[in-house]
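Residue numbers (this note's numbering): 3 to 77.
1) Per DSSP, what kind of secondary structure is residue 4 in: helix, strand or coil?
2) Would you check if the segment 28-42 and the segment 11-20 touch, i.e. whether three or more CB-CB distances between them fall below 8 Å?
3) Exposed or buried, residue 57, counting other C-beta atoms within 10 Å across all chains shown (16 or more means buried)?
4) Mind checking residue 11: buried by the 16 CB within 10 Å criterion, or exposed?
5) Select from 49, 54, 60, 28 the residue whose C-alpha is nearest the C-alpha of residue 42.
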């Protein structure tokens, strides 16, 4: 039974985008494992509090991620 856990920083993705992640990741797993696995494929999207996530020793905030998404530097 596949379990896909996606962690994102809170406030970056809308509820609709998170629902799209669930659908598309489920579809991807079904492509790999077969349609019979759809009913037992779990996808969980977890939000991590802004500032509780870091890369290379630097904490990231919701604002940082939104800036990265539009090509702005994080500083």
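Cβ atoms here follow ideal geometry from the backbone N, Cα and C, with glycine treated the same way.
None of these values were measured; they are calculated from a predicted model.
Checking against the coordinates, here is how it stands:
1) Coil, per DSSP.
2) The segment 11-20 makes no contact with the segment 28-42: fewer than 3 CB pairs, one atom from each, lie closer than 8 Å.
3) exposed
4) With a 10 Å radius around the Cβ and a threshold of 16 neighbouring Cβ atoms, residue 11 comes out buried.
5) Comparing Cα-Cα distances from residue 42 to each of 49, 54, 60, 28, the minimum goes to 28.
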